[in-house]
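Chemist:
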Amino acid sequence: MRCDKARRWVSDDLDGALPASRKARLEGHLAGCADCRAYLGDLELIADGARSRPADDPPPGYWPDFGRRLERRLASPAPPARTAPRLGHRRWAWAGAASLVVVAAAIYIGFLRPGAEQDAAWFPNGSSLASILLEAEDDPDLAGRLDRMVSASIEELTVGPDEDIPAPFADDPLFWEGLSEEELRFIASELEAETDRGVRP
Amino acid sequence: MDERPDEVLVQEARQGSREAFAELVRRHRQKVYRIIHSMTRDASDTDDLAQEAFLAAYRSLESFNMKARFSTWLYRISVNTALSFLKKRGREKGRAEFRDDLIDSGSPDSPEERSVRHELSARIEEAVGALPPHFQASFRLVADQGLSHAEAAQMLGCSENTVSWRLHKARKLLRARLEPFLGRS
Chain G
7 MRCDKARRWV SDDLDGALPA SRKARLEGHL AGCADCRAYL GDLELIADGA RSRPADDPPP
67 GYWPDFGRRL ERRLASPAPP ARTAPRLGHR RWAWAGAASL VVVAAAIYIG FLRPGAEQDA
127 AWFPNGSSLA SILLEAEDDP DLAGRLDRMV SASIEELTVG PDEDIPAPFA DDPLFWEGLS
187 EEELRFIASE LEAETDRGVR P
Chain H
31 MDERPDEVLV QEARQGSREA FAELVRRHRQ KVYRIIHSMT RDASDTDDLA QEAFLAAYRS
91 LESFNMKARF STWLYRISVN TALSFLKKRG REKGRAEFRD DLIDSGSPDS PEERSVRHEL
151 SARIEEAVGA LPPHFQASFR LVADQGLSHA EAAQMLGCSE NTVSWRLHKA RKLLRARLEP
211 FLGRS
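Sequence lines, in order, name chains G and H. As numbered in this note's numbering, residues 7 to 207 make up the first sequence, in order. As numbered in this note's numbering, residues 31 to 215 make up the second sequence, in order.
#1: Would you kindly report the start and end of the unbroken alpha helix (DSSP H) that includes H:Leu204?
#2: Are the CB atoms of H:Asp174 and H:Ser47 within a distance shorter than 8 Å?
#3: Please decide whether G:Ile52 counts as near chain H, where near means a Cβ-Cβ distance under 8 Å.
#4: What does H:Leu79 touch in chain G if you count any residue whose Cβ is under 8 Å from its own?
#5: Would you please state the rounded distance, in angstroms, between the beta carbons of H:Leu91 and H:Arg44? I believe it to be under 8 Å.
#6: Could you confirm whether any beta carbon from chain H is found closer than 8 Å to the beta carbon of G:Ser17?
#7: In this structure, does DSSP put H:Arg99 in helix, strand or coil?
#8: For G:Asp41, would you say it is in contact with chain H, using Cβ-to-Cβ distances shorter than 8 Å as the test?
#9: Please report the distance separating the alpha-carbon of H:Cys188 from that of G:Ala112.
#10: Just the C-alpha distance for G:Tyr68 and H:Ala200, rounded to the nearest angstrom, thanks.
#11: Taking 8 Å as the CB-CB limit, is G:Leu49 close to chain H?
#12: Spell out whether any CB of chain H is found under 8 Å from the CB atom of G:Gly67.
#13: Determine, for G:Arg78, whether the minimum Cβ-Cβ distance to residues of chain H falls below 8 Å.
#14: Can you check whether the C-beta of G:Pro83 is within less than 8 Å of a C-beta belonging to chain H?
#15: In whole angstroms, give me the CA-to-CA distance for H:Asp75 and G:Gly55.
#16: I'd like the ranges of any alpha helix (DSSP H) spanning at least 4 consecutive residues and lying wholly in the region 9-71 of chain G.
#17: With a threshold of 8 Å between beta carbons, is H:Phe84 in contact with chain G?
#18: Could one say the Cβ of G:Pro258 lies closer than 8 Å to chain H's Cβ atoms, at least one of them?
#19: Leaving out the 5 sequence neighbours to the left and right, which residues in its chain are closer than 6 Å to G:Pro130 when beta-carbon positions are compared?
#20: Just how far apart, CA to CA, sit H:Val11 and G:Ala40?
#21: Using a threshold of 7 Å, is the CB atom of G:Ile160 nearer than that to any non-hydrogen atom of the ligand GDP?
#22: Hey, is H:Leu113's beta-carbon within less than 8 Å of any beta-carbon in chain G?
#23: According to DSSP, is H:Asp32 part of a helix, a strand, or is it coil?
#24: At 7 Å on the CB atoms, spell out the chain G contacts of H:Ile154, in chain order.
#25: Put H:Asp78 into one of helix, strand or coil per three-state DSSP.
#26: Quick one, which of H:His179, H:Ser151 and H:Ser178 has its alpha-carbon nearest G:Ile52's?
#27: Closest Cβ-Cβ distance between G:Pro64 and chain H: below 8 Å?
#28: Closer than 8 Å, CB to CB, is H:Val172 near chain G or not?
#29: Determine the DSSP secondary structure at G:Trp128, reduced to helix, strand or coil.
#30: Looking only at C-alpha atoms, which of H:Ala180, H:Phe211 and H:Gly120 sits nearest to H:Gln166?
#31: Among H:Glu149, H:Ala206 and H:Thr102, whose alpha-carbon lies nearest the alpha-carbon of H:Leu186?
This is the structure we're talking about:
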């Protein structure tokens with residue numbers, strides 16, 4: 007048995023809540039474990055110390071006065087419950103806080119987020135994409151802005167050439183002229199394999 | 031002496047009999063006082079809370095479903111009243127955790143000529159009072175009041191296993207904090 011479990015059982019045993027079957031196992035563990043025996047000794051000291059305090063009874067003559075005061079309070083009407091107003095107050099506080107969060111989020115999305123100005127310039131509030139496209143059919147200006155917006159989005163999503171890398175070597179005629187026949191055949195075969203085109207042997 | 035069972039008195043009190051409720055108070059006031067005092071350790075606080083507990087019971091008589099004994103229901107109200115007080119007091123004092131400073135504020139062999147046992151008893155009292163409220167309540171009800179785990183569980187509204195676990199943790203905390211005063215080398 008591990009000491010952790012033994013100490014839990016020691017606590018139960020002090021309260022008279024340890025089943026007999028476990029008690030025998032606990033005693034077996036305690037017989038061979040000096041640390042747990044010391045633990046039990048300490049808990050017994052604490053229990054004795056806790057019980058040595060004076061009794062909890064009130065002073066003589068206390069109860070008649072207690073009864074009179076209680077009777078007076080019972081006779082008076084119950085104060086209005088505080089729970090409902092407090093909950094209501096908190097509900098309004100939470101609602102106010104939530105509104106502030108929504109407003110802050112709207113301000114960020116509408117005006118502060120990068121690119122928001124472009125969106126806000128032509129997206130009518132509450133419109134779906136379908137209604138915007140329909141509107142654009144009758145509004146050349148809106149259609150043009152929509153085209154530019156879509157093109158800008160495509161360009162944004164398309165990975166452009168890395169400007170740090172020099173121009174592709176294939177554009178340099180001297181590169182091709184410098185290759186041997188064997189290297190050219192190798193490049194051709196790789197291209198055919200990659201694109202699945204060309205004449206296979 | 032009134033021989034009517036609690037359940038009959040409860041029914042009469044529900045119908046407005048203040049005399050029936052007064053009899054219930056007479057029967058259970060001592061136990062209510064002891065439960066609350068064991069948790070607060072202060073006569074003035076106990077007096078206030080005992081009044082509150084009886085008032086709460088009187089105003090909630092309609093919700094008592096008679097499935098448990100009236101005494102169990104009333105003692106549970108008393109424990110909850112005291113627990114709420116302890117939690118509030120803990121918040122006001124800015125502590126809810128076990129405080130080291132209570133233990134470090136003196137040495138076991140103080141200059142005063144108090145007996146070792148009296149010193150230890152005072153230290154234990156301080157240390158138990160600084161336990162988290164639910165641990166404290168479990169310890170007070172079982173170790174002080176002599177309730178069984180089952181009885182304490184009914185009053186605290188939890189399982190016997192929870193009571194057992196809280197007592198185990200409470201004792202571990204107490205032992206760890208009181209080790210310098212337990213007279214072992």
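Using N, Cα and C, we set each Cβ at its ideal position, and we do this for glycine too. Just so we're clear, the structure is a prediction, and the values are computed from it rather than from any experiment.
Modeler: Quick look at the numbers:
#1: Glu190 to Leu208
#2: no
#3: yes
#4: None at all; the shortest Cβ gap to chain G is about 12 Å.
#5: 5 Å
#6: yes
#7: coil
#8: no
#9: 46 Å
#10: Each residue's alpha carbon lies about 33 Å from the other.
#11: yes
#12: no
#13: Against chain H, the CB of G:Arg78 has no partner CB under 8 Å away; the residue lies outside that interface.
#14: no
#15: 23 Å
#16: 9-20, 26-38 and 40-57
#17: yes
#18: Since the first residue shown for chain G is 7 and the last is 207, residue 258 of chain G is missing from the structure and cannot be characterised.
#19: The pLDDT assigned to G:Pro130 is 49, lower than 50, so where the model puts this residue is not dependable, and the model offers no usable value.
#20: The displayed coordinates of chain H run from 31 to 215. Any statement about residue 11 of chain H would go beyond what the structure contains.
#21: With respect to small molecules bound, the structure shown includes none, and the ligand GDP cannot be examined in it.
#22: With 8 Å as the cut-off, H:Leu113 does not count as an interface residue toward chain G.
#23: coil
#24: Ile52, Gly55 and Ala56
#25: The answer is helix: DSSP assigns H:Asp78 an H, G or I state.
#26: If we check each option's Cα against that of G:Ile52, H:Ser151 comes out closest.
#27: yes
#28: yes
#29: The predicted model places G:Trp128 with a pLDDT of 48, which falls under 50 and marks its position as unreliable, so this point remains unresolved.
#30: If you compare the alpha carbons of H:Ala180, H:Phe211 and H:Gly120 with that of H:Gln166, the shortest gap goes to H:Gly120.
#31: Comparing Cα-Cα distances from H:Leu186 to each of H:Glu149, H:Ala206 and H:Thr102, the minimum goes to H:Thr102.
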